[in-house]
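Next up, the structure:
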């Protein structure tokens, strides 16, 4: 069983389009995250949600909107896609932060290519 | 910015131990030391974490300096599958606004 899953694995789209990436975790964790890994391989956190509440929003353009319908899902919707949005996006989950800093579990990633 | 310093890359021979160093001179009392690794074309994977004492698990050992300003991840017997980027990260154990800040990590090459 996959602990953190993402769909789709690959996404190729044109500039200006709107797209969504879905993430689900079956670990019973309270907190979920989105990370972006750019072409230089730097991993940066974008958002985190704890029990459907936004906890972290790291200076991400408004075109990016996370949505958490329940604590097992955190989807990422991107409006008006730009070339610079091309990257690999990783979803992750963990127990509630501030309780001993347990490990985060990452999904396999979604490679987004904007043409 | 990452609060840790690691060598950009290291090499090791297969079936030999590997010691990956990390400096974190500004560590606070509530920071845990975490190690993750990222295999090619995969998401980061948790390896080990500790606070003050050395830690062992099935993947690796973590040796933490007495002043906690540095630590070493030890892979006891490297295999080709251990070739990856290894990230040393500090995480606050009490801050709800906790986030993992990844640095550049150490790219570990395993020679057959």
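Chains as they are written, first to last, in our numbering: chain A, -8 to 106; chain B, 8 to 119.
A virtual CB, placed ideally from N, CA and C, is assigned to each residue, including glycine.
Checklist entry - Name the chain A residues that come within less than 7 Å of residue 71 (chain B), Cβ to Cβ? => result Per Cβ cutoff of 7 Å: no residues; residue 71 (chain B) is ~14 Å from chain A at best.
Next on the checklist: Just to confirm the assignment: which complete alpha helix (DSSP H) runs, minimum length 4, are found wholly within the region 44 to 104 of chain B?
Outcome noted: none
Checklist entry - With a cut-off of 9 Å, does the C-beta of residue 13 (chain A) fall near any C-beta of chain B? => result no
Item to check | Residue burial classification, residue 76 (chain B) (beta-carbon count within 10 angstroms, cutoff 16) | outcome: exposed
Item to check | Rounded distance between the beta-carbons of residue 55 (chain B) and residue 42 (chain B), thought under 8 Å | outcome: 5 Å
Item to check | Rounded Cβ spacing between residue 13 (chain B) and residue 99 (chain A) (contact assumed at less than 8 Å) | outcome: That pair is no contact at about 25 Å.
Checklist entry - Should residue 62 (chain B) be flagged as near chain A, meaning a C-beta pair shorter than 9 Å? => result no
Next on the checklist: On the criterion of 16 or more Cβ atoms from any shown chain inside 10 Å, does residue 36 (chain B) qualify as buried, or is it exposed?
Outcome noted: exposed
Checklist entry - Between residue 49 (chain B) and chain A, is there a C-beta pair that is closer than 9 Å? => result It does: the Cβ of residue 49 (chain B) has a partner Cβ on chain A nearer than 9 Å.
Checklist entry - Per DSSP, what kind of secondary structure is residue 74 (chain A) in: helix, strand or coil? => result helix
Next on the checklist: Less than 7 Å between C-beta atoms, sequence neighbours within five positions excluded: which residues of the same chain meet that for residue 58 (chain A)?
Outcome noted: 66 and 68, listed in sequence order.
Item to check | Three-way DSSP call (helix, strand, coil) for residue 50 (chain A) in this model | outcome: coil
Checklist entry - Where do the N-terminal and C-terminal ends of the beta strand (DSSP E) with residue 60 (chain A) fall, by residue? => result 55 to 61
Next on the checklist: Counting beta carbon pairs with one atom in the region 76 to 87 of chain A and one in the region 9 to 19 of chain A, are three or more of them shorter than 8 Å?
Outcome noted: yes
Checklist entry - If the cut is a Cβ gap below 7 Å, which residues of chain A does residue 116 (chain B) touch? => result Those do not exist, as residue 116 (chain B) stays about 15 Å from chain A at its closest Cβ, beyond 7 Å.
Checklist entry - Mapping DSSP to helix, strand and coil, what is residue 12 (chain A)? => result DSSP places residue 12 (chain A) in the strand class (E or B) of the three-state scheme.
Item to check | Beta carbon proximity, residue 25 (chain B) to chain A, threshold 9 Å | outcome: no
Next on the checklist: I'd like to know whether the C-beta of residue 108 (chain B) is nearer than 9 Å to at least one C-beta of chain A.
Outcome noted: yes
Next on the checklist: Distance check for residue 0 (chain A) and residue 19 (chain B), CA to CA, integer angstroms please.
Outcome noted: 32 Å
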